[in-house]
Amino acid sequence: MEKRESLWDRCLHKGISRRNFIKGCVALTTLMGLSTDNLQKVVAAAEKKPLPVVIWIHGHECTGCDESFIRSASPLASDVVLSQIDLEYDHLLSAASGEPFEQHLETLIQKFKGQYILAVEGAACTKDNGVYCMSGGHTFTHTLRHAAENAAAVIAYGTCAVSGGIQAASPNPTGSSGVSHFTSSTPVVNVPGCPPIPEVMTGVVMHVALFGKVPPLDGQGRPKQFYGNRIHDTCYRRPFFDAGMFAENFDDAGSKGGWCLYKLGCRGPETYNSCGNLRWFQGMSYPIQSGAPCIGCSNANFWDSGKFSERLPKFGQPIGDVDKIGAAIAGVTAAGVVAHGAASVVQKKKRIAAEKAEKGAGEE
Ligand code: FSX
Ligand code: SF4
Ligand code: F3S
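Position 350 of the sequence shown, counted from 1, bears residue number 466 in our numbering, the numbering being contiguous throughout.
This is how it looks when you write it as structure tokens:
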């Protein structure tokens, strides 16, 4: 059987020094959300484990997820694609096409049965036997089922793959849904976001590749490392929220002064993602930093949750009377705000306790 290259083998072939290999392993360790205590394990795995074979298929979508991924800055998308994974088949990025390309997919599935990672972008379209989303002479749902049942793990990349996304928005004319119903017993990692943060995808792929299992997941199948906090918890505008200072219009003084966007519809308080920490384009920006409220793009059915620029009580948990928040901080009673504060403290305590328990169980 042919010997497949490890990350270290590939570094040797490319003339990359041991020092830079170790530096890369440090970066990977951080990216995977592990403490540097795990560095030795990561180095050992990167020396020996063959690079992961990745099959990347696309259903109903806008292709924004790939657009996001190819702009991954740390690590560079080109490094991921050329050095850290064996991306053998990608509907969008592969240069090959036609029958030989489709035959290659089948060969890969047979040759790497139970070993490859299946990355899925886009929703599964089910109406009329899935005829509204075809590729290579097959419905997407056929390819998805076949590729998923033989994979080591499936990564649902983007809100469309996780829960249907815009295709599933009312009235959902193609009967679109998330892809997890098509994956039988193969573990699925959900990476929502429209689009998701590219570094999250790299972190998840490398975790599966180096440790042979999916990273710790929350109740919605999302990697805890990246979806453990609300946007609101890491938002740099949070002091304005706490002080009761809100932009009322997109062009008012509050908006220009960088005040909280809650009254302009911000769904940060009920959305879990790492946007405030990781951001896009080498940490340059994310929606709130660019003056736009979070529209909750990591939440299921977010397209159907009304006007993005309006904060309506039916969305998530309304946070009391926002006009009284500043007063509440100053000690005046505002029940809604107190409830919000208490909920945040409870949530934080729960998270810390869960993290302690996880550490105690010897994660990695
Ligand atoms: Fe959906 Fe992705 Fe939004 Fe677009 O693949 S999550 S519409 S950014 O492209 O699927
Ligand atoms: Fe930031 Fe939105 Fe929370 Fe305001 S409501 S602090 S803008 S996340
Ligand atoms: Fe999406 Fe909100 Fe982040 S809209 S990109 S989850 S700030």
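C-beta: ideal position from N, C-alpha, C; glycine also.
What are the boundary residues of the beta strand (DSSP E) that includes residue i?
| i | result |
| --- | --- |
| residue 218 | Per DSSP, residue 218 belongs to no beta strand (DSSP E); it is in the alpha helix (DSSP H), 214 to 227. |
| residue 273 | 269 to 273 |
| residue 204 | 202 to 206 |
| residue 155 | Counting along the chain, residue 155 falls outside any beta strand (DSSP E), though it belongs to the alpha helix (DSSP H) covering 155 to 164. |
| residue 172 | 169 to 174 |
| residue 233 | 233 to 237 |
| residue 330 | Unbroken run through residue 330: none, as it is neither H nor E. |
| residue 306 | 304 to 307 |
Given a cut-off of 8 angstroms on the beta-carbon distance, is the pair residue i and residue j in contact?
| i | j | result |
| --- | --- | --- |
| residue 257 | residue 274 | no |
| residue 185 | residue 361 | no |
| residue 272 | residue 320 | no |
| residue 168 | residue 325 | yes |
| residue 264 | residue 298 | yes |
| residue 425 | residue 374 | no |
| residue 347 | residue 415 | no |
| residue 310 | residue 392 | no |
| residue 412 | residue 383 | yes |
| residue 64 | residue 170 | The structure shown does not extend to residue 64, since the chain is modelled only from 117 through 480, so no value can be given for it. |
| residue 282 | residue 396 | no |
| residue 353 | residue 404 | yes |
Which residues in the same chain have their Cβ closer than 6 angstroms to the Cβ of residue i, if we skip the five residues on either side of it in sequence?
| i | result |
| --- | --- |
| residue 371 | 363 |
| residue 241 | 176, 248, 249, 290, 292 |
| residue 254 | none |
| residue 172 | 206, 235 |
| residue 157 | none |
| residue 252 | 218 |
| residue 296 | 304 |
| residue 356 | 375, 376 |
| residue 141 | 158, 159, 162 |
| residue 342 | 316, 390 |
| residue 302 | 264, 267, 270 |
What does a CB cutoff of less than 7 angstroms around residue i pick up in its chain, not counting 5 residues either side in sequence?
| i | result |
| --- | --- |
| residue 394 | 313, 315 |
| residue 284 | 239, 292, 293 |
| residue 174 | 207, 208, 237, 238 |
| residue 163 | 122, 124 |
| residue 350 | 392, 393 |
| residue 340 | 332, 333, 334 |
| residue 138 | 159 |
| residue 166 | 120, 121, 122 |
| residue 459 | Residue placement at residue 459 is poorly supported in this model, since its pLDDT is 45, which falls under 50; the coordinates still yield a value, given next. Once the five neighbours on either side are set aside, residue 459 has no close Cβ partner at all. |
| residue 188 | 196, 314, 315, 318 |
On the three-state DSSP scale, how would you describe residue i?
| i | result |
| --- | --- |
| residue 255 | strand |
| residue 248 | coil |
| residue 240 | strand |
| residue 127 | helix |
| residue 388 | strand |
| residue 295 | coil |
| residue 276 | helix |
| residue 377 | coil |
| residue 336 | coil |
| residue 346 | strand |
| residue 418 | helix |
| residue 356 | helix |
Hey, quick one: how far does the alpha helix (DSSP H) through residue i stretch, first residue to last?
| i | result |
| --- | --- |
| residue 321 | 314 to 327 |
| residue 142 | 134 to 147 |
| residue 393 | 391 to 394 |
| residue 185 | 180 to 185 |
| residue 405 | Neither: residue 405 is in no alpha helix (DSSP H) and is coded neither H nor E. |
| residue 372 | 369 to 372 |
Assuming residue i and residue j form a contact by the criterion Cβ under 8 angstroms, report the distance between their Cβ atoms to the nearest whole angstrom.
| i | j | result |
| --- | --- | --- |
| residue 331 | residue 377 | In fact, because the Cβ distance is near 31 angstroms, the residues do not count as touching under 8 angstroms. |
| residue 400 | residue 147 | Incorrect: roughly 18 angstroms between the Cβ atoms, too far for contact. |
| residue 154 | residue 145 | 6 angstroms |
| residue 279 | residue 365 | Between residue 365 and residue 279 the Cβ distance is about 32 angstroms, and since that is not below 8 angstroms, they are no contact. |
| residue 225 | residue 262 | 7 angstroms |
| residue 212 | residue 220 | 7 angstroms |
Under 8 angstroms Cβ to Cβ from residue i, same chain only, skipping five residues before and after it: list those, please.
| i | result |
| --- | --- |
| residue 230 | 266, 267, 268 |
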